[in-house]
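Undergrad: These protein sequences, in sequence, are chains A and B. Remember, this note's numbering sits 171 above the position in the first sequence when you count from 1. Remember, this note's numbering sits 29 above the position in the second sequence when you count from 1. For every residue, glycine included, the Cβ atom is placed at its ideal position computed from N, Cα and C. Dropping the structure in here first, questions after.
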Amino acid sequence: MLNWDMSQNEMENRFTKGKSAILEMPLARVKTEVSVSAFALLFSEMVQYCQSRVYSVAELQGRLASMGHGVGASLLDVLVMREKNGKRETKVLNILLFIKVNVWKALFGKEADKLEQANDDDKTYYIIEKDPVINAYISVPKENSTLNCAAFTGGIVEAILTHSGFPAKVTVHWHKGTTLMIKFDAAVIARDKTLDGR
Amino acid sequence: MSRQSNRTTDNKKMNSELFTLTYGALVTQLCKDYENDEEVNKQLDKMGYNIGVRLIEDFLARSSVGRCQDFRETADVIAKVAFKMYLGITPSVTNWSPAGDEFSLILESNPLVDFVELPDNHNTLIYSNLLCGVLRGALEMVQMAVDVRFAQDTLRGDNVTEIRMKFIKRIEENLPAGDE
Numbered sequence: 172m173l174n175w176d177m178s179q180n181e182m183e184n185r186f187t188k189g190k191s192a193i194l195e196m197p198l199a200r201v202k203t204e205v206s207v208s209a210f211a212l213l214f215s216e217m218v219q220y221c222q223s224r225v226y227s228v229a230e231l232q233g234r235l236a237s238m239g240h241g242v243g244a245s246l247l248d249v250l251v252m253r254e255k256n257g258k259r260e261t262k263v264l265n266i267l268l269f270i271k272v273n274v275w276k277a278l279f280g281k282e283a284d285k286l287e288q289a290n291d292d293d294k295t296y297y298i299i300e301k302d303p304v305i306n307a308y309i310s311v312p313k314e315n316s317t318l319n320c321a322a323f324t325g326g327i328v329e330a331i332l333t334h335s336g337f338p339a340k341v342t343v344h345w346h347k348g349t350t351l352m353i354k355f356d357a358a359v360i361a362r363d364k365t366l367d368g369r
Numbered sequence: 030m031s032r033q034s035n036r037t038t039d040n041k042k043m044n045s046e047l048f049t050l051t052y053g054a055l056v057t058q059l060c061k062d063y064e065n066d067e068e069v070n071k072q073l074d075k076m077g078y079n080i081g082v083r084l085i086e087d088f089l090a091r092s093s094v095g096r097c098q099d100f101r102e103t104a105d106v107i108a109k110v111a112f113k114m115y116l117g118i119t120p121s122v123t124n125w126s127p128a129g130d131e132f133s134l135i136l137e138s139n140p141l142v143d144f145v146e147l148p149d150n151h152n153t154l155i156y157s158n159l160l161c162g163v164l165r166g167a168l169e170m171v172q173m174a175v176d177v178r179f180a181q182d183t184l185r186g187d188n189v190t191e192i193r194m195k196f197i198k199r200i201e202e203n204l205p206a207g208d209e
């Protein structure tokens, strides 16, 4: 997981020094479980660590999101292989459903509560989760009431969309629980329209 | 006190992949933020310690395990109850020192390292060092000072992952003066 900035040299090493054991591991999920408490405690340390290095809520959420990016990027390929037989989505609606159903199930064991499109803007979609597991054990201090640690989930979603060829910005809001607001690049929507009817 | 018995002790589970990947994201971030592996190891241990200090209460509440009579019993509880409860694995307890103050936990699988491969420029990184901190922090809260370190790690090419634990001393409770 630490190796997405591989240099040419490392790349060569990797293929010449013999197969690493990790390449022999099956992709199919061996279902293993950990306790939610273990995750909550780990996540809490992460948030505290990020907090010790920033000055504002926005920066803190930014840091959480960038950690989420790492998770999303690692998860995408394995999910596409497992759930879609290696076939990538090409339509906006399908990639959103992939996130609502497959990604959510892999991460949280359930589908996301809702997927909605903004009434007045065809670039904007919402994924709504009433009680995200991530926020279950977090109480937000009054003075930072806008902080939503699901920014981490936002980062995961943003990475999955971006790496699938649907560049988008994902922001997180307190609305009907937690709402992830997905704003696609204009080019993505334009491309999707040309695909209509095919 | 009577209310406590009504408390829910169900231990909710989740898919380990989110946990594994989240831990990976954390270690990646630490590697970016710190100059060298030693600093990262130290930071992981510190975070683990903070987790352990909080985790012990959760553990005692859910497991209803009583006070351990000796270090051997402690070892068994850690391996068979605690690891099982939090990480879904049961390490084996072996390699006791003759004095009975030191043992090894052998982890057949370690959920923290699924998908993980250490790049060559991080060969002194102790990837799962968080676990050492957790064990040290949790035991300190039940008056046991221990030394915990990784003796072997599959990530570095060893056949198994081995955590070595050594009992140092009992921590006497220091009551504040005049609080008898």
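Can you look up A229 of chain A in the DSSP assignment and give me helix, strand or coil?
TA: helix
Undergrad: Evaluate I200 of chain B with the Cβ neighbour count: other Cβ atoms within 10 Å of its Cβ, from every protein chain shown; 16 or more gives buried, anything less gives exposed.
TA: exposed
Undergrad: Does the stretch 85-93 of chain B come into contact with the stretch 267-280 of chain A, if we say contact requires no fewer than three beta-carbon pairs (one atom in each stretch) closer than 8 Å?
TA: no
Undergrad: With the cut-off set at 8 Å, would you say S92 of chain B and M114 of chain B are in Cβ contact?
TA: yes
Undergrad: What does the Cβ neighbour count give for Y308 of chain A, buried or exposed, with the cut at 16 atoms within 10 Å?
TA: exposed
Undergrad: Against M238 of chain A, what residues of chain B qualify as contacts under a CB-to-CB distance less than 9 Å, listed in chain order?
TA: T51, A54, L55, T57 and Q58
Undergrad: In three-state terms, what does DSSP make of E131 of chain B?
TA: Three-state DSSP puts E131 of chain B in a strand.
Undergrad: Name the chain B residues that come within less than 7 Å of L264 of chain A, Cβ to Cβ?
TA: Here the premise fails: no neighbours, minimum Cβ distance about 25 Å.
Undergrad: Please report the Cβ distance between V328 of chain A and L318 of chain A, rounded to the nearest whole angstrom; I am assuming they are in contact, meaning their Cβ atoms lie under 8 Å.
TA: The pair is not a contact, with the Cβ atoms about 18 Å apart (cut-off 8 Å).
Undergrad: Assess, as a yes-or-no matter, whether the stretch 45-60 of chain B is touched by the stretch 211-223 of chain A under the definition of 3 or more beta carbon pairs within less than 8 Å.
TA: With contact defined as three or more Cβ pairs closer than 8 Å, the stretch 211-223 of chain A and the stretch 45-60 of chain B are in contact.
Undergrad: Whole angstroms is fine: what's the gap from M252 of chain A's alpha carbon to K258 of chain A's?
TA: 7 Å
Undergrad: Which two residues bound the contiguous beta strand (DSSP E) that contains V175 of chain B?
TA: M173 to Q181
Undergrad: Taking only beta-carbon positions, decide if G348 of chain A is within less than 8 Å of chain B.
TA: no
Undergrad: In terms of residues, what are the limits of the beta strand (DSSP E) holding I299 of chain A?
TA: I299 of chain A -> beta strand (DSSP E) spans T295 to E300.
Undergrad: Give me, in chain order, the residues of the same chain whose beta-carbon lies closer than 7 Å to that of D293 of chain A; leave out the 5 immediate sequence neighbours on both sides.
TA: I360
Undergrad: Candidates A:L194, A:M196, A:E195 and A:K202: which alpha carbon is nearest S45 of chain B's?
TA: A:K202
Undergrad: Considering only residues of the same chain and omitting the five flanking positions on each side of R32 of chain B, which have a CB-CB separation below 7 Å?
TA: Unreliable placement is indicated for R32 of chain B, whose pLDDT of 43 sits below 50; the coordinate value is still reported in the next sentence. Beyond the five residues adjoining it in sequence on each side, R32 of chain B comes within less than 7 Å, by CB distance, of no other residue in the same chain.
Undergrad: Any C-beta of chain A sitting closer than 8 Å to the C-beta of S121 of chain B?
TA: no
Undergrad: If I follow the unbroken beta strand (DSSP E) through M194 of chain B, where does it start and stop?
TA: Element bounds for M194 of chain B: T190 to R199.
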